[in-house]
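So the structure is just underneath, and the comments pick up after that.
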Amino acid sequence: MSPGYWPFDKRCAVLLTFDFDAESDETRTAPERIVPISRAQYGAAVGVSRVLRVLNEFGLKATFFVPGWVVEKYAEAVRGILAGGHEVAAHGYMHEKASELGETQERAMLERTVHSFRQTLGFQPSGYRAPWFDLSSRSLKLLSASGFAYDSSLMRQDMPYLIKGDDYSMVELPVEWVLDDYPLFEVHRKSPREVLDIWTSEFDSLFEENLLFNLTMHPEVIGRPARIAMLRELIRHVLSKNDVWITRAGDLAEWWLKNKANL
Ligand code: ZN
C-alpha cells in the first residue's frame, strides 16, 4: 500500500479494540462453576476502568465489542464507555459460537443482540465481532440483514476489504490470533515483555507496509496491572511514529467504504 493511502496523510491505521465479554460465556456454558465466572468478572469489576484510564491518558478513542447480555447486565459500565467517546459494537448475545448454532438459533441470537442494544442503549450497533472469531457460513448474510455495516472476525487480509454475497456486502476489518491478547496471555502464558515484543514487531512491519494494525484485547486479560503497563508502553511506541491514524472501527469502516471500497 502506498504511503498516503490513509486519511490525513497517515501511514498506518490502528484499531485498539476490546471485547468486553464479562462472564457471558462462562454463565452460558457452566453457570455452576463460580471460580471461572469470578475470573471473567474481573473484566467488569476492574479491567474496563483501567483500560478507559489508559485511553483517556493518551486521548484515544477505541471500540468495545460487547455481547447483548453484557450490555443489559452492565448497562452503567457500557454507558460509561460511550460517554468517553468510544464506540460500542456487538459481540453475540451470550458469547455464542455461531458455528454451533442452527440457522433459527443464530437468527434469534442476532435479533436478541440487536434488541438489547436498541432497548438498553437506544441505537443499532454498526459493527459486529464474532465471539471466538467464530462465524458460520451464513453469518455474514444474517449480519447484513440485521443492519450491521461491518464485521471484524475474518482473517483473509491485513487491510479492510469488502465481503460480498449474492445480495449483501459488508466491510471487513480483519483480525489475527497473534494480535489477540487471549491466546498469548491465557493459552501460551507469555509475559507482558514477550507480548510487547510480538506486538511491537507486528506493528512496525504493518506500519512499514502502510497496513492496518487491528489489536483485539479483553478487559479481563489486559486489565491486569503488568499488562496495562505493557499496553501503555505499546501505545507510546505507536504514537512515536507520529503519522498513525488511531481510530474507532466504525469510523474506519465508514471512511473506507466511502473512499476506498470501489478503487
Ligand atoms: Zn469475546
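So the sequence shown is numbered by the working numbering: it starts at 346 and just counts up by one.
Backbone N, C-alpha and C define an ideal beta-carbon position, used for all residues, glycine too.
Bridge partners - residue i, DSSP secondary structure assignment
| i | result |
| --- | --- |
| W590 | A358 |
| T561 | T362, D525 |
| L507 | V516 |
| F410 | D364, A434 |
| G472 | Y495 |
Delimiting residues of the alpha helix (DSSP H) encompassing residue i
| i | result |
| --- | --- |
| S383 | 379-387 |
| A422 | 420-428 |
| A390 | Neither: A390 is in no alpha helix (DSSP H) and is coded neither H nor E. |
| M454 | 448-465 |
Inter-residue Cα distance where the pair is residue i and residue j
| i | j | result |
| --- | --- | --- |
| K406 | S394 | 14 angstroms |
| M439 | P376 | 12 angstroms |
| D370 | G404 | 31 angstroms |
| R572 | P537 | 6 angstroms |
| R378 | L529 | 24 angstroms |
| L579 | T449 | 42 angstroms |
| G414 | T458 | One point to set straight first is that residue 414 is Trp, not Gly, in the sequence displayed. Answer to the nearest angstrom: the Cα atoms are 8 angstroms apart. |
| L557 | W601 | 12 angstroms |
Residue i beta carbon near the ligand ZN (any heavy atom closer than 7 angstroms)
| i | result |
| --- | --- |
| D479 | no |
| P476 | yes |
| D366 | yes |
| H460 | no |
| H533 | no |
| H582 | no |
| H431 | no |
Near the ligand ATP: residue i beta-carbon under 7 angstroms from a heavy atom
| i | result |
| --- | --- |
| M346 | Only the ligand ZN can be found as ligands here, which leaves the ligand ATP out of the picture. |
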